[in-house]
Amino acid sequence: MILSLIKILEIHDPYTKGHSEFVAEYSAKLAEELGMSKDEIRKTYWAGLLHDIGKVLVSSSILNKPGKLTTEEFDEIRKHPKYGYDILKTSDALKDIAEIVYAHHERIDGSGYPRGLKGDEIPFEAKIIAVVDSFNAMTSDRPYRPALSVNTAMKELIRGAGRLYEARIVRTFIHMIAKMENEAMG
Numbered sequence: 008m009i010l011s012l013i014k015i016l017e018i019h020d021p022y023t024k025g026h027s028e029f030v031a032e033y034s035a036k037l038a039e040e041l042g043m044s045k046d047e048i049r050k051t052y053w054a055g056l057l058h059d060i061g062k063v064l065v066s067s068s069i070l071n072k073p074g075k076l077t078t079e080e081f082d083e084i085r086k087h088p089k090y091g092y093d094i095l096k097t098s099d100a101l102k103d104i105a106e107i108v109y110a111h112h113e114r115i116d117g118s119g120y121p122r123g124l125k126g127d128e129i130p131f132e133a134k135i136i137a138v139v140d141s142f143n144a145m146t147s148d149r150p151y152r153p154a155l156s157v158n159t160a161m162k163e164l165i166r167g168a169g170r171l172y173e174a175r176i177v178r179t180f181i182h183m184i185a186k187m188e189n190e191a192m193g
């Protein structure tokens with residue numbers, strides 16, 4: 008069922024192809040690096056995999072628009088965390104990740120959406136997904152802009168640390184990515 012939901016989302020929004028898997032895998036690795044329990048890592052993985060599922064209820068013409076979004080269009084995109092929450096809370100197997108999905112665009116200074124949560128009001132798993140999701144979005148081509156380099160994306164995360172993102176999560180993520188790149192280079 009879950010993989011079917013992801014496939015539907017990828018058909019609806021081709022720019023998410025591979026994005027959900029990346030966010031799930033790297034969020035779970037990050038949760039492990041942060042010393043979270045096996046159950047918390049599992050929840051982080053599944054919430055990462057389904058974090059954008061609410062986009063199936065957003066018009067594909069908005070999701071794939073090549074130019075700047077209007078205020079109304081951006082407001083519609085900002086509803087996808089709530090839509091995802093509404094989809095997931097109806098499933099006994101997925102309701103424990105619904106709140107994480109709902110909060111993945113919240114920011115620790117309260118500037119996020121859809122509810123303007125801040126600090127400890129945001130589930131820790133959602134704070135992890137926020138960092139990984141932002142990084143992957145920045146380093147991927149979008150209809151409205153080309154991908155940023157890994158270094159530029161890392162600088163953006165550092166700039167947002169302590170304001171948009173939990174600083175400890177950003178530090179651990181950057182260390183994890185650097186370690187993975189070093190291992191890949193031999």
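Position one of the sequence shown corresponds to residue 8 (the working numbering), numbered consecutively onward.
Even glycine gets a Cβ: it sits at the ideal position worked out from N, Cα and C.
From a predicted model like this one, the values you see are computed outputs, not experimental measurements.
Continuous alpha helix (DSSP H) stretch holding residue i: start and end
i           : result
residue 124 : Neither: residue 124 is in no alpha helix (DSSP H) and is coded neither H nor E.
residue 103 : 102-109
residue 172 : Element bounds for residue 172: n/a, residue is neither H nor E.
residue 44  : Segment: none, residue 44 is in no alpha helix (DSSP H) and carries neither H nor E.
residue 13  : 9-19
residue 136 : 131-145
Reference residue i; option with closest CA among the options
i           : options              : result
residue 57  : 103, 76 and 183      : 103
residue 163 : 188, 141 and 28      : 141
residue 14  : 42, 139 and 62       : 62
residue 133 : 12, 9, 34 and 11     : 34
residue 30  : 180, 153 and 189     : 180
residue 49  : 98, 73 and 107       : 107
residue 161 : 174, 150, 152 and 96 : 174
residue 71  : 176, 189 and 149     : 149
residue 110 : 182, 54, 46 and 38   : 54
residue 116 : 169, 185 and 45      : 169
residue 76  : 96, 44, 98 and 152   : 152
residue 96  : 105, 155 and 189     : 105
residue 94  : 186, 178 and 12      : 12
residue 73  : 124, 98, 21 and 87   : 21
Contact check, residue i vs residue j, beta carbons under 8 angstroms
i           : j           : result
residue 119 : residue 113 : yes
residue 17  : residue 24  : yes
residue 172 : residue 144 : no
residue 147 : residue 26  : yes
residue 121 : residue 85  : yes
residue 91  : residue 135 : no
residue 83  : residue 68  : no
residue 47  : residue 38  : yes
residue 36  : residue 192 : no
residue 41  : residue 176 : yes
Backbone secondary structure at residue i - three-state DSSP
i           : result
residue 49  : helix
residue 85  : coil
residue 114 : coil
Next on the checklist: At 4 residues or longer, what runs of the alpha helix (DSSP H) sit wholly inside the stretch 51-83?
Outcome noted: With a minimum length of 4 residues, the unbroken runs of alpha helix (DSSP H) contained wholly in the stretch 51-83 fall at 67-70.
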